[in-house]
Each structure stands twice: as C-alpha cells, then as structure tokens.
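Participant: Input: one structure, supplied below.
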Amino acid sequence: MKVHYYPGCTLKEKTTALDVSTREAMKCLDIELVEPEGWTCCGAEYPLTEEKIVGLAAPLRVLRQVREENGDFVITTCSFCYAVLKRANKAIKDDPLKHKRVNAYLRDDIKINALTKEKTTGFEDYNGEVRVLHLLEYLRDHVGYQKIRSRLKRPFGGLPVAAYYGCRLLRPAKDMDLGEPDDPRLFEEFLEAVGATPVDYPFKQECCGSYLSVSLPDAATEASYRVLRSARSNGAAAITVTCPLCFYNMDRRQDKIKEAFLDFPGLPVLFFTQILAWALGVEKTVLGLNQHAVPADDLFRDAPAPEVTL
Amino acid sequence: MKGQKKTKRIGVFVCHCGVNIAGVVDVEKVAKTLTDYPGVAFSTNYIYVCSDPGQQMIIDTIKEKKLDGIIVAACSPTLHEKTFQEAARLAGLNPYQIEIANIREQDSWVHVDKDKATKKAVKIIKAHVEKAVRNESLEPIKVEVHRRALVIGGGISGIQAALDIADHGYEVLLVEKNPSIGGKMIQLSETFPTLDCSQCIMTPKMVEASRHPRIKLLTYHEVESVSGFVGNFKVRIKKKPRYVDAVLCNLCAECEKVCPQIVPDEFNMGLSFRKAIYMPFPQAVPGTYTLDAEHCLGLNPVRCGKCKDVCEKKAISYEMQETIFEEEVGAIVVATGYDLYSMQALGEYGGEKIPDVINGLEFERILSASGPTAGIIRRPSDGKVPKSVVFVQCSGSRDTEKHNPYCSKICCMYTAKHAMLYKHRVPDGQAIVFYIDVRTGGKAFDEFYQRTIEEDKVLYIRGKVSKIFKDGDKVVVWGVDTLTGKKVEVEADMVVLAMAMVKAEGVGDLLRKLKIQTDIHGWLAEAHPKLRPVESLNAGFYLAGCAHGPKDIPEAVAQASAAAAKVGDLFAQKELSHEPTVVPVDEDKCSGCAICITMCPYQARTLDTERGVVVVNEILCEGCGACAAACPSGAAQQRNQTDDQIFSMVTAMMKG
Amino acid sequence: MRVKLKAGPEVRKFIERVEELSGENVYACYQCGRCSAGCPVASEMDVLPNQVIRLVQMGLAEDVLHSKTLFLCASCFTCQSRCPKGIDMARVMEAVRHLLDPKGADAFGPGEIPPDLANELPQQVMVALCRKFSK
Chain A
1 MKVHYYPGCT LKEKTTALDV STREAMKCLD IELVEPEGWT CCGAEYPLTE EKIVGLAAPL
61 RVLRQVREEN GDFVITTCSF CYAVLKRANK AIKDDPLKHK RVNAYLRDDI KINALTKEKT
121 TGFEDYNGEV RVLHLLEYLR DHVGYQKIRS RLKRPFGGLP VAAYYGCRLL RPAKDMDLGE
181 PDDPRLFEEF LEAVGATPVD YPFKQECCGS YLSVSLPDAA TEASYRVLRS ARSNGAAAIT
241 VTCPLCFYNM DRRQDKIKEA FLDFPGLPVL FFTQILAWAL GVEKTVLGLN QHAVPADDLF
301 RDAPAPEVTL
Chain B
1 MKGQKKTKRI GVFVCHCGVN IAGVVDVEKV AKTLTDYPGV AFSTNYIYVC SDPGQQMIID
61 TIKEKKLDGI IVAACSPTLH EKTFQEAARL AGLNPYQIEI ANIREQDSWV HVDKDKATKK
121 AVKIIKAHVE KAVRNESLEP IKVEVHRRAL VIGGGISGIQ AALDIADHGY EVLLVEKNPS
181 IGGKMIQLSE TFPTLDCSQC IMTPKMVEAS RHPRIKLLTY HEVESVSGFV GNFKVRIKKK
241 PRYVDAVLCN LCAECEKVCP QIVPDEFNMG LSFRKAIYMP FPQAVPGTYT LDAEHCLGLN
301 PVRCGKCKDV CEKKAISYEM QETIFEEEVG AIVVATGYDL YSMQALGEYG GEKIPDVING
361 LEFERILSAS GPTAGIIRRP SDGKVPKSVV FVQCSGSRDT EKHNPYCSKI CCMYTAKHAM
421 LYKHRVPDGQ AIVFYIDVRT GGKAFDEFYQ RTIEEDKVLY IRGKVSKIFK DGDKVVVWGV
481 DTLTGKKVEV EADMVVLAMA MVKAEGVGDL LRKLKIQTDI HGWLAEAHPK LRPVESLNAG
541 FYLAGCAHGP KDIPEAVAQA SAAAAKVGDL FAQKELSHEP TVVPVDEDKC SGCAICITMC
601 PYQARTLDTE RGVVVVNEIL CEGCGACAAA CPSGAAQQRN QTDDQIFSMV TAMMKG
Chain C
1 MRVKLKAGPE VRKFIERVEE LSGENVYACY QCGRCSAGCP VASEMDVLPN QVIRLVQMGL
61 AEDVLHSKTL FLCASCFTCQ SRCPKGIDMA RVMEAVRHLL DPKGADAFGP GEIPPDLANE
121 LPQQVMVALC RKFSK
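Heads up: the protein sequence lines correspond to chains A, B and C, in order.
Using this note's numbering, the letters of the first sequence correspond one by one to residues 1 to 310.
Using this note's numbering, the letters of the second sequence correspond one by one to residues 1 to 656.
Using this note's numbering, the letters of the third sequence correspond one by one to residues 1 to 135.
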C-alpha cells in the first residue's frame with residue numbers, strides 16, 4: 001500500500017535517522033511511503049498573526065501537491081511540520097479571507113515536470129481537502145495496534161520509556177486535536193503496543209527550549225535538563241521524541257546539559273520510529289544510531305539493558 | 001368563533017415615559033391620530049402614566065368618559081400590567097378590559113428612525129384597539145390552598161426554611177435523600193468569620209427540626225414526582241429501605257463491629273472507611289444506623305447476617321422494602337445544595353491523581369476534631385504533618401475557556417480560614433495562598449482576611465497557578481507573583497485546591513421532575529434577579545441556599561427564612577386567584593381529536609371518552625395558547641385572545 | 001516620574017492594531033498571571049508575558065516594544081493552553097513583535113549564528129528562529 005509522506009527538509013539532511021527508521025518501519029507493515037513531488041520546506045513556523053498570509057503558501061502548496069497526486073491524507077513525523085501543515089490546513093477551512101488570499105498566491109504557480117519539462121499552471125483552489133496525520137495517529141487509527149502487535153519480531157521486555165510530546169503535538173488543543181494537553185494518551189498507547197512500558201512523568205509536554213538553544217542557550221539547557229531529569233527520576237531508561245529539534249536539544253546538547261547540571265548522569269534519546277522499526281525486526285545498523293551523541297546501542301539488544309551506562 | 005364587536009368606548013393613553021418613549025416616538029401625534037379610529041372614544045398623552053397623578057387621571061377619565069375599555073401605550077406589560085389592572089378596578093372597570101400596548105421595548109427602545117417609530121406606535125395601538133373592542137370582562141378563578149409545605153433538602157437552608165414555616169404554624173415535610181440531615185455544613189470544621197464550630201451551631205437546629213411538632217422529618221427519602229399547581233401539589237415520595245428500624249435502634253454499635261464490608265466513608269470525603277452498616281457521623285439526625293444495600297453482602301442471612309445476629313433490639317430486618325406514598329402540599333421549597341467541581345477536570349493540577357492535592361471539603365474533614373485524623377493536620381499520602389501547605393484559589397472558577405465562568409463566592413473566605421487554622425495548629429509551618437483577587441464582601445469578612453495576613457503571617461501571592469506535579473516526596477507548585485513580576489516555584493507538602501461550586505450531582509433528574517427552571521449552569525432560576533430572589537417563576541416553588549447559586553451560610557440562612565416568609569404569604573391568603581385568560585373548550589365544535597392534549601405542557605387537558613370531547617382543568621391551564629394554535633376546528637379559543645381578535649390585530653397592523 | 005496615561009487615537013490605534021494582528025481581545029485578560037507562571041523562559045524576561053498584555057491594555061506602546069521579552073518567546077503555547085480566558089498569549093506576543101520598527105536591526109538573524117554551529121544545526125531550527133526573530 002502506498003501512502004503520502006512528508007519528511008520535511010531536516011529529515012533529509014541533518015536528522016536522517018528519523019526518516020530512515022520511519023521508512024524501514026513502515027515497510028515491515030507493508031506500507032510504502034511516497035513523497036509528494038517537488039515538495040518544499042513547510043516554513044517551520046505557523047504564522048501567528050492574521051496578516052502573515054504568505055507564510056501559509058508553502059505548507060498549503062505541499063498539501064495541494066498531495067491532492068494533485070490523488071492523496072487523501074499525508075503522514076508526517078516531525079512535530080514542527082505536523083503543526084504547520086495541520087494548522088495551515090485548518091486556517092484555510094475556517095477563514096474565508098485567508099482562503100481567498102492564499103489561493104490567490106497558489107493559483108498561478110507554475111510546475112515544471114522534471115522529465116518532460118512540461119509546464120502546468122492555473123491550479124484549482126485548495127480547500128483543505130487533504131488531511132494531515134501524524135504517524136502516531138496513523139498507527140493508532142489506520143494501521144491499528146493489533147496489526148502492529150501481530151508483526152512484532154522483537155520484544156522490548158517492558159523497557160521503561162518516557163514519551164516526550166513537547167509543545168507542537170498537543171498545543172493549541174483546538175487546532176491540534178490530539179488529546180487533552182495536560183492528560184494525553186496517544187504516545188503512551190503507542191509505547192504499550194510495541195512492548196515498552198510508558199513512564200508517567202510531569203514534564204512530558206513542557207518545552208525543551210526549542211530554538212532558544214541558539215539565541216538563548218542557557219535557558220534551553222535548563223529546560224531540556226528539567227525534562228530529562230524528570231523522565232529519569234520517574235524510572236525511564238530512555239526518552240523518545242518525534243521532533244528533530246527536541247532531539248538536538250536533548251541529545252546533541254546533552255554534554256552541555258551535563259556540564260551545567262552535575263547531578264544529571266544522562267539519558268539516551270530515541271526517535272519513536274527507531275523503537276518501532278527495531279521492534280518490527282529492522283536491523284540495528286539501519287536505525288541511524290550513529291547520529292546519536294548519547295549512545296543508545298545498548299537499548300537495542302535482544303535483551304535490552306534496563307539501565308544504560310553512560 | 002366570531003367575536004361580538006360591540007360598540008365600545010375605548011380610551012387610549014399614550015405615555016411619554018420621560019424621553020424613553022417620547023425621545024423617539026412623537027407621542028402627541030400618536031395620541032391625536034388615534035382619536036379618529038373606530039372604537040376610540042378618548043385619546044391623550046401623558047408624561048408618566050404609571051405615576052400617582054397619571055393613574056388618577058386614568059381613573060377619573062374612565063369614570064367621566066364612561067369608558068368600557070382602555071389602552072395604555074407604554075412599557076412592557078411585565079412591569080405595569082398589574083398596576084393598571086388595579087387602577088381600572090378602582091374605577092369600576094373590569095381589569096381584563098385593559099390592554100397594554102408596548103411601544104417602548106418593542107418600539108422606541110429598538111428603533112432610531114423617529115418617523116417610522118411613530119408610525120409603528122400607531123399600528124401597535126390600533127391593533128390593541130381591535131383586540132380591546134372584542135375583549136370580555138373576566139373574573140379570576142378561585143383556588144384553594146393546602147397550607148402545608150414540602151422542603152426538599154435537609155442542609156442548613158432546608159432546615160432553616162422548615163423551622164420558620166413550622167413556627168408560622170404550618171405543617172412541613174422535610175425530605176432528605178441521605179440517612180441524616182446536615183448537608184455540607186455539618187461536614188465543616190469551623191465557619192468564617194467567627195470560627196464557630198460548625199457542628200456546635202448546627203446540631204441544635206437539627207435537633208429542633210427533628211423534635212418540632214409540625215415538622216415531619218423524612219430522611220432517606222426522595223421525591224419521586226410532583227403534579228398539580230400552586231396551592232395544590234400532589235407529591236409522590238419514595239421511602240428508601242434502611243433495613244434498620246430507626247425507632248428501635250439504640251446506637252449500641254455492635255452491628256458495625258461485626259460487619260465485614262469496608263466502604264470509603266463519603267462523610268469523610270473518602271479519607272477513611274466505614275462499614276456497610278453505619279451511622280454517617282456521631283450527631284446524625286435521626287440517630288440510627290443505616291444498612292447500605294449497595295455494599296452489603298446481599299441482605300441475605302445465608303451470605304452474611306452478622307449484624308442482625310448481634311442486634312439486641314432486633315432492629316435489623318432485611319425484608320424492608322421501598323415504599324412510595326402520596327402527600328398533598330401547597331408550596332415547595334427547593335434546597336438541594338451544591339457539590340464541588342471534580343479535580344479530575346484539572347489535569348494540570350494532577351487531575352486527582354496526586355494524593356496530597358486535596359479539595360476544600362477534604363481539608364475540612366482533616367481539620368475536624370471528629371474527622372479521619374482527629375483534628376491533627378496530616379497529609380493523606382503518609383500521614384506526615386505538612387510543614388508547607390499551598391492553597392490555590394479559583395480552581396475551576398472564573399474560567400470562560402474550559403471550566404466554570406462564574407466566581408464561586410465563598411472560596412476566598414474559606415481559604416483564608418483554612419490558612420489561618422493551619423497556622424494555628426502548625427505554627428512553624430508555611431502557608432501560601434495563590435489568588436487572583438480576594439473577595440470579602442460580607443460583614444467582618446475583610447477584617448478576618450486581614451488577620452490571616454497580619455496576625456497569622458500567611459503569604460498571599462497574586463498569580464494563578466499554572467501547574468502542580470509530584471516530585472518525589474514533594475508536591476511542586478508553579479506560580480507567579482504578578483506584583484513583583486517573578487515566576488515562583490514552591491515545593492509543598494500538601495496542596496489545597498479551592499474547587500468551584502457546581503450544581504449538586506444528580507439533581508438534574510429531580511429538577512426535571514419538578515419542571516422547575518434553572519440557568520445554564522444548573523442553578524435554580526429566580527423569578528427576578530434583583531427583586532424576587534427566593535421565588536421561582538414556576539408558581540408555588542421557592543428557592544433556598546446553594547441550589548440557587550454559590551453563597552455562604554449567612555446568606556443561605558437569610559434566603560431560607562425569606563423563602564419561608566414567601567410561603568407564609570401564600571398560606572396567609574384565604575384562597576388563590578388564577579388568571580382567567582385560559583383556553584376553554586367549545587364542546588359544540590370539539591371533535592375529540594385530542595391534538596390539543598399532546599400540545600399541553602401543563603397536562604391541563606384530558607379526553608372525556610364517554611362524550612368524545614376534551615375537557616380542560618382551568619386551574620392547571622396557564623394560558624400559553626399552544627392548544628389554541630393547534631386546534632383544527634377552532635374549538636380551543638383563548639379567553640381575550642381569540643383567533644378573531646388576533647386576526648383583527650394583524651389586519652389593523654397591515655392596514656397601518 | 002508618573003506615566004501619563006493617554007487616551008487619544010494614537011493609543012487606541014496601537015491597541016486596535018495589536019488586536020487586529022493577533023485576533024485576540026486584549027481586554028479579556030484579567031491579569032491572573034497564569035501565562036507567566038507556566039512560561040518556560042519567563043525568568044529570563046524583563047517584562048513577563050502577563051505584563052506585556054497589561055502594557056498593551058494600558059496603551060504603553062513604547063514600554064512593550066522595547067522589551068527583551070519579545071525575542072525570548074519560544075512559541076511553546078503553554079500560556080495559551082492554560083489561560084482561563086482563552087487568550088492566545090503567543091499570538092499577542094507575535095503581534096507586538098510585528099509592530100516593531102521594520103527598519104530596526106534584526107534581533108536575531110542568520111548572521112548571528114556562528115558557521116560551525118550552523119553546520120550542525122537542523123535546518124528546522126534556523127528557519128524557525130530567523131522567521132520569528134529577524135526581519
């Protein structure tokens with residue numbers, strides 16, 4: 001079965017682990033991921049002011065392309081892309097003015113076919129026809145946990161893993177519609193389905209610091225530290241994320257976290273698709289574990305270590 | 001039915017209402033235009049017809065000009081219809097020959113174009129003239145009054161209302177669904193602003209209610225249904241089986257000792273346990289044990305039977321059945337109280353999963369000398385005496401987004417009380433209150449709150465708490481001090497949330513049975529928010545206590561006594577008058593199709609199967625007109641609002 | 001020195017502009033402070049989030065436009081998810097940021113990122129950061 005998949009620019013360049021593990025995992029579920037042709041960056045941020053309408057053009061262009069390719073929905077794994085695409089999609093359905101103005105930008109797009117060099121133009125208005133799904137939603141609602149459980153090749157043995165939602169998946173609740181921001185279940189149910197034990201901890205949706213790790217690094221260091229510390233002190237052997245930025249802040253900057261907060265011994269950070277892929281039988285070498293600053297190899301053993309030496 | 005258009009002499013009085021009407025409508029022109037209209041014998045305008053001279057002018061004119069019908073073109077009839085009906089009566093004119101033409105709320109207050117507004121006023125008045133010339137003189141329907149009251153709810157409000165009505169000399173049925181009266185007040189430890197022990201001030205009233213010769217105390221009873229109308233209600237009451245004879249039980253407590261079933265104790269808010277056979281609290285009224293069938297092993301001597309075996313008075317019987325009986329009353333006081341908003345709704349505060357985050361009533365039980373910790377403040381998780389307690393006001397209140405938009409009124413005062421009592425008992429402890437505002441409107445309330453800060457050194461921080469979570473042994477609270485602009489974090493041992501007051505759980509079913517009006521939050525709706533705070537718009541129903549909305553004990557008692565006084569007003573009348581503008585049945589035209597019966601919300605119409613016609617109970621009929629609109633043959637015509645009258649009004653308006 | 005609270009069209013224009021851009025009713029805020037209480041970066045800010053909206057309510061454009069706060073917001077939406085009046089504080093923050101003089105310097109533009117860090121950063125960070133904080 002083929003479904004549309006939007007990786008986002010970061011997954012193709014810097015955080016390929018998320019992309020590769022996603023593809024491999026979905027292959028095990030007989031799903032081939034197809035990227036919409038000629039996709040571009042989504043813009044990373046959903047414009048929060050009423051007048052920045054041009055910022056909606058890029059994400060909606062992606063969705064329109066999915067529609068042109070006869071797709072009903074598109075799956076994405078990166079939280080930022082998910083938020084931008086989903087919110088832009090909703091904005092255009094809810095607000096007639098935005099609908100009119102963005103379509104005015106999109107209508108005259110010229111598309112040049114790479115092979116035939118044929119030019120297409122004059123697209124029909126995009127009205128929000130395509131649904132934007134996060135892979136976690138897709139796994140729960142379209143694939144089903146039962147199917148996943150039936151395909152599991154390797155047990156996780158109830159490894160305690162902390163699910164980290166971050167900001168973008170759940171908030172604002174009315175737009176994201178993935179559950180109650182202060183009491184979500186989606187990610188925990190996924191972990192149970194793949195044989196891990198979800199750890200309950202109070203920082204699962206507190207901000208990791210986001211892009212402030214560049215402009216105000218100390219604040220981001222502390223924010224990420226608090227998340228990691230809470231996960232660890234509640235018994236987690238690893239924390240799992242769905243966002244390359246969260247990964248960067250908590251994994252690649254973990255050395256800075258340890259420097260600033262000497263009481264923190266460390267915690268491996270995983271992408272949820274790495275967990276899924278490995279559980280479905282994908283080889284460890286394909287999971288992109290070499291991109292991790294904090295070694296996570298020991299978690300992917302036939303008897304996964306409950307405590308990782310760091 | 002073609003109404004007789006008699007030759008009548010109608011008087012038209014157009015009111016200026018200061019500038020309310022005259023500022024938009026040219027009242028002089030209107031009055032002048034009506035002078036020539038057929039049926040109008042006299043037409044004038046006046047600045048304030050509702051004033052004494054205004055009314056006198058009307059009375060005099062009726063007599064002088066021999067008017068047999070009048071139109072008062074002024075404000076809404078809800079305000080002054082009774083005023084002018086009375087004036088008409090004083091002038092010797094039947095009160096149902098007066099018409100109020102609303103040219104204020106329906107004209108001058110909603111339009112700006114003066115020309116059009118004036119023309120509209122003329123049309124409205126002409127329409128009413130057409131109705132007036134067809135009006136009949138009517139006499140109010142007389143209704144008997146049963147001078148007996150039903151009070152639903154045995155909390156402080158219900159008890160107070162029952163005592164006052166009984167002291168007036170009338171019999172009262174006091175129905176309470178729980179095994180004992182006392183409501184929420186008996187659960188409290190001390191009350192603000194006096195720090196009176198709640199049980200000490202309440203138990204005398206409870207005992208008085210149980211001993212009063214005119215109060216029939218019906219505990220462990222529920223109201224099944226109510227039918228009838230003011231002065232003449234028929235109430236079906238269900239007596240739930242206690243399985244213990246309340247008279248025989250001598251409170252020896254042997255049954256409780258042997259009962260094997262352990263149940264969370266609702267009186268102690270689940271902080272301790274009781275047995276399936278239990279007395280809710282030591283001062284329960286009536287003083288008897290009750291067997292909770294839901295948790296009993298099966299009311300079956302084969303499965304258990306220990307309590308029955310040890311009962312020396314032979315007071316226990318598993319064969320007791322639920323019984324339903326009927327009573328007649330003239331007035332009903334609804335005093336069903338409130339509940340606290342569920343902590344589950346506040347996920348950011350732990351969603352009821354953190355044992356040391358509790359609500360106000362749980363803290364009351366912890367404070368209470370007869371509570372689960374014998375009055376020593378201990379936290380639920382490990383029984384440690386908390387050295388740092390955070391109190392969070394406005395939990396679930398004043399929230400238009402997800403929870404309850406209103407202010408729950410009592411939380412500021414009881415939080416101050418809680419913090420004060422905590423500091424009295426744990427002097428070296430830290431008490432912090434997070435607030436947005438502090439509302440202390442009652443007598444001696446602000447002084448009490450100031451003492452909490454100045455004498456007891458409680459720290460008040462202005463900022464709404466964002467998140468509460470568990471971290472090891474502590475409960476972490478994230479707040480902000482908006483006054484200094486600092487984000488704050490407190491590692492507390494215990495947190496007390498001032499949860500919003502909401503309508504009593506399960507009360508919706510009862511209120512539907514009573515067919516009583518509520519507002520969107522489920523609080524009982526009063527007849528007028530300013531001037532009629534203790535009556536419902538449903539005649540014969542009176543409101544008392546928190547069932548009507550959040551309030552504290554002094555207000556609840558005041559309202560209960562006021563409701564009792566209103567009941568007294570009702571009972572003081574020899575007989576009641578019912579509006580005669582009802583819908584009779586013209587039996588010549590009625591085919592017995594019974595469509596009108598399905599339309600009637602008051603169950604006033606029934607089918608006489610022998611004669612094949614519908615009959616109406618004029619006392620139950622409220623004159624809503626739904627049957628008249630539905631009747632295909634025109635057999636249902638409302639008095640003084642017949643089809644003929646309505647069509648004539650429409651015609652007059654269309655003609656202009 | 002007292003702040004002279006003006007009421008003229010200039011002041012109204014500023015408030016209305018913020019409301020127009022953000023789509024939020026700034027007057028609905030009753031200053032409970034919950035946004036600030038939950039904000040992960042508030043301790044670094046010179047003007048707390050609730051104070052930002054307070055300054056807008058009072059029409060004190062100069063005070064709010066010069067605050068460091070506007071460039072510390074991480075758009076995490078914790079404020080929005082907790083506000084009892086349903087105000088999206090993140091949108092108000094962005095609206096005020098947009099009212100800054102467009103000719104002013106970038107608060108944080110591509111030039112501020114050291115090259116070796118830029119090589120390491122996921123593109124997502126750079127795009128998001130620069131879209132938020134630069135012209």
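Here a beta-carbon is modelled for each residue, glycine too, at the ideal position from N, C-alpha and C.
Note that the structure is a prediction, hence the values are computed from the model and not measured.
Where does B:LYS574 land, buried or exposed, given buried means 16+ other C-beta within 10 angstroms?
Facilitator: Numbered from its first residue, the second sequence carries residue 574 of chain B at position 574. Answer is exposed; the Cβ neighbour count stays below 16.
Participant: When you compare only the Cα positions, how much space is there between B:GLU222 and B:PRO355?
Facilitator: On the second sequence, residue 222 of chain B is found 222 positions in, with the first residue counted as 1. On the second sequence, residue 355 of chain B is found 355 positions in, with the first residue counted as 1. Spanning the two alpha carbons is a distance of roughly 34 angstroms.
Participant: Please identify the residue among B:VAL557, B:PRO554, B:ALA419 and B:GLY549 whose C-alpha is closest to the C-alpha of B:VAL495.
Facilitator: In the second sequence, counting from the first residue as 1, residue 495 of chain B sits at position 495. It is B:ALA419.
Participant: Kindly list the residues whose CB is nearer than 6 angstroms to the CB of A:LEU33, restricted to its own chain and excluding five residues on each side of it in sequence; keep chain order.
Facilitator: To locate residue 33 of chain A, count along the first sequence from 1; it is residue 33. These residues qualify, in order along the chain: TYR5, ARG23 and MET26.
Participant: In chain A, what lies closer than 8 angstroms to B:LYS470 by C-beta?
Facilitator: Within the second sequence, residue 470 of chain B is the residue found at index 470, counting from 1. In chain order: PRO202.
Participant: Got a sec: which bits of the stretch 74-94 of chain C sit with their beta carbon under 8 angstroms from any beta carbon on chain B, in order along the chain?
Facilitator: Residues THR78, ARG82, CYS83, PRO84, LYS85 and GLY86.
Participant: Give the residues of chain C in contact with A:CYS207, contact being defined as C-beta atoms less than 7 angstroms apart.
Facilitator: As a first step, residue 207 of chain A is located in the first sequence; it is residue number 207 there, counting from the start. PRO40, ALA74, CYS76 and THR78, listed in chain order.
Participant: DSSP state of B:ALA416, grouped into three classes?
Facilitator: Walking along the second sequence from the start, residue 416 of chain B turns up at place 416. B:ALA416 falls in the helix class under three-state DSSP.
Participant: Which residue marks the beginning of the alpha helix (DSSP H) containing A:ARG87, and which one marks its end?
Facilitator: What you label residue 87 of chain A is simply residue 87 of the first sequence in a count that begins at 1. Residues 79-94.
Participant: In angstroms, rounded to a whole number, what distance separates the CA positions of B:LYS257 and B:ASP245?
Facilitator: Counting from 1 along the second sequence, the entry for residue 257 of chain B is found at position 257. Counting from 1 along the second sequence, the entry for residue 245 of chain B is found at position 245. Roughly 18 angstroms between the two C-alpha positions.
Participant: Just to confirm, are A:PHE300 and A:LEU18 a CB contact at a threshold of 8 angstroms?
Facilitator: In the first sequence, residue 300 of chain A corresponds to position 300, counting from 1. In the first sequence, residue 18 of chain A corresponds to position 18, counting from 1. In this structure, A:LEU18 does not lie closer than 8 angstroms to A:PHE300 by Cβ.
Participant: So B:GLN393 and B:ALA498 are supposed to be a Cβ contact under 8 angstroms. How far apart are they, rounded?
Facilitator: Position 393 of the second sequence, counted from the first residue, corresponds to residue 393 of chain B. Position 498 of the second sequence, counted from the first residue, corresponds to residue 498 of chain B. With a Cβ gap of about 5 angstroms, B:GLN393 and B:ALA498 count as contacting.
Participant: By the three-class DSSP mapping on this structure, what secondary structure does B:GLU99 have?
Facilitator: In the second sequence, residue 99 of chain B corresponds to position 99, counting from 1. It is a strand residue.
Participant: Any beta carbon of chain B sitting closer than 8 angstroms to that of C:GLY8?
Facilitator: The residue labelled residue 8 of chain C in the question sits at position 8 within the third sequence. Not an interface residue.
Participant: From what residue to what residue does the beta strand (DSSP E) around B:ASN45 run?
Facilitator: Counting from one through the second sequence, the residue named residue 45 of chain B turns up at place 45. Per DSSP, B:ASN45 belongs to the beta strand (DSSP E) from 40-46.
Participant: To the nearest angstrom, report how far apart A:VAL227 and A:PHE203 are at their CA atoms.
Facilitator: Within the first sequence, the letter at position 227 stands for residue 227 of chain A. Within the first sequence, the letter at position 203 stands for residue 203 of chain A. Whole-angstrom Cα-Cα distance: 5 angstroms.
Participant: Using 10 angstroms around the beta-carbon of B:ALA560, count the other beta-carbons present and answer buried if the total reaches 16, otherwise exposed.
Facilitator: Locating residue 560 of chain B in the second sequence gives position 560, where the first residue counts as 1. Buried.
Participant: Does B:THR400 have its Cβ less than 8 angstroms from a Cβ in chain C?
Facilitator: Your numbering for residue 400 of chain B matches position 400 in the second sequence. It does: the Cβ of B:THR400 has a partner Cβ on chain C nearer than 8 angstroms.
Participant: Can you pull the chain B residues whose beta carbon is under 7 angstroms from the beta carbon of C:ASN25, in chain order?
Facilitator: For the purposes of this step, residue 25 of chain C is taken as residue 25 along the third sequence, with counting starting at 1. The premise fails here: C:ASN25 is roughly 11 angstroms from chain B at the closest Cβ pair, so nothing lies under 7 angstroms.
Participant: Under a three-way DSSP split, which group does B:GLY479 fall into?
Facilitator: Your numbering for residue 479 of chain B matches position 479 in the second sequence. In this structure, B:GLY479 counts as strand in the three-state DSSP scheme.
Participant: Check each residue of the stretch 471-487 of chain B: if its Cβ is closer than 9 angstroms to any Cβ of chain A, include it; give the result in chain order.
Facilitator: Those would be ASP471, GLY472 and VAL476, in chain order.
Participant: Is the shortest distance between the beta-carbon of B:GLU455 and the beta-carbons of chain A less than 8 angstroms?
Facilitator: As a working mapping, residue 455 of chain B is identified with position 455 in the second sequence. No, because no Cβ of chain A sits closer than 8 angstroms to the Cβ of B:GLU455.
Participant: Span of the beta strand (DSSP E) holding A:TYR138?
Facilitator: Mapped onto the first sequence, residue 138 of chain A falls at position 138. A:TYR138 -> not in any beta strand (DSSP E); alpha helix (DSSP H) instead, spanning 135-138.
Participant: Locate the beta strand (DSSP E) running through B:PHE229, then write down its first and last residues.
Facilitator: Mapped onto the second sequence, residue 229 of chain B falls at position 229. Counting along the chain, the beta strand (DSSP E) containing B:PHE229 begins and ends at 221-229.
Participant: Within the continuous alpha helix (DSSP H) that includes A:GLU192, where are the two ends?
Facilitator: Looking up residue 192 of chain A in the first sequence gives position 192. Its alpha helix (DSSP H) spans residues 186-193.
Participant: I believe A:VAL130 touches A:VAL74 by the beta-carbon criterion, under 8 angstroms. Please report the beta-carbon distance rounded to the nearest angstrom.
Facilitator: Locating residue 130 of chain A in the first sequence gives position 130, counting from the first residue. Locating residue 74 of chain A in the first sequence gives position 74, counting from the first residue. Right, the Cβ-Cβ distance comes to about 6 angstroms (below 8 angstroms), so this counts as a contact.
Participant: Name the one or two DSSP bridge partners that B:LYS234 has.
Facilitator: Taking the second sequence and counting its residues from 1, one reaches residue 234 of chain B at position 234. Its beta-bridge partners are B:SER227 and B:GLU328.
Participant: Whose CA, out of A:LYS256, A:GLY71 and A:ALA91, lies closest to the CA of A:LEU56?
Facilitator: Numbered from 1 along the first sequence, position 56 holds the residue referred to as residue 56 of chain A. Among A:LYS256, A:GLY71 and A:ALA91, the Cα nearest to that of A:LEU56 belongs to A:ALA91.
Participant: Quick check on B:GLY347 - is its C-beta less than 8 angstroms from some C-beta in chain C?
Facilitator: Working through the second sequence from its first residue, we reach residue 347 of chain B at position 347. For B:GLY347, the answer is no, since every Cβ of chain C falls outside 8 angstroms of its Cβ.
Participant: Count the C-beta pairs between the stretch 161-178 of chain A and the stretch 236-245 of chain A that are closer than 8 angstroms, then say yes if the count reaches three, no if not.
Facilitator: With a cut-off of 8 angstroms, the stretch 236-245 of chain A and the stretch 161-178 of chain A count as touching, because enough Cβ pairs lie within range.
Participant: Using the three-state DSSP reduction, which class does B:HIS578 fall into: helix, strand or coil?
Facilitator: In the second sequence, residue 578 of chain B corresponds to position 578, counting from 1. In this structure, B:HIS578 counts as strand in the three-state DSSP scheme.
Participant: Using a Cβ cut-off of 7 angstroms, which residues of the stretch 406-436 of chain B contact any Cβ in chain C, in chain order?
Facilitator: Listed in sequence order: ILE436.
Participant: Cα separation between B:VAL476 and A:ALA231?
Facilitator: In the second sequence, the residue the question calls residue 476 of chain B occupies position 476. In the first sequence, the residue the question calls residue 231 of chain A occupies position 231. Cα to Cα, the separation comes out at about 16 angstroms.
Participant: If contact is defined by three or more beta carbon pairs under 8 angstroms, each pair taking one atom from either stretch, is the stretch 140-155 of chain B in contact with the stretch 317-337 of chain B?
Facilitator: Enough Cβ pairs lie closer than 8 angstroms, so yes.
Participant: Quick one: complete alpha helix (DSSP H) runs, 4+ long, within the stretch 97-135 of chain C?
Facilitator: Whole alpha helix (DSSP H) segments, 4+ residues: 115-120 and 123-133.
Participant: Residues in the same chain with beta-carbon distance under 8 angstroms from B:LEU340, minus the five sequence neighbours each way, listed in chain order, please.
Facilitator: Taking the second sequence and counting its residues from 1, one reaches residue 340 of chain B at position 340. Cβ within range, chain order: ASN359, GLY360, LEU361, MET499, ALA500, MET501 and VAL502.
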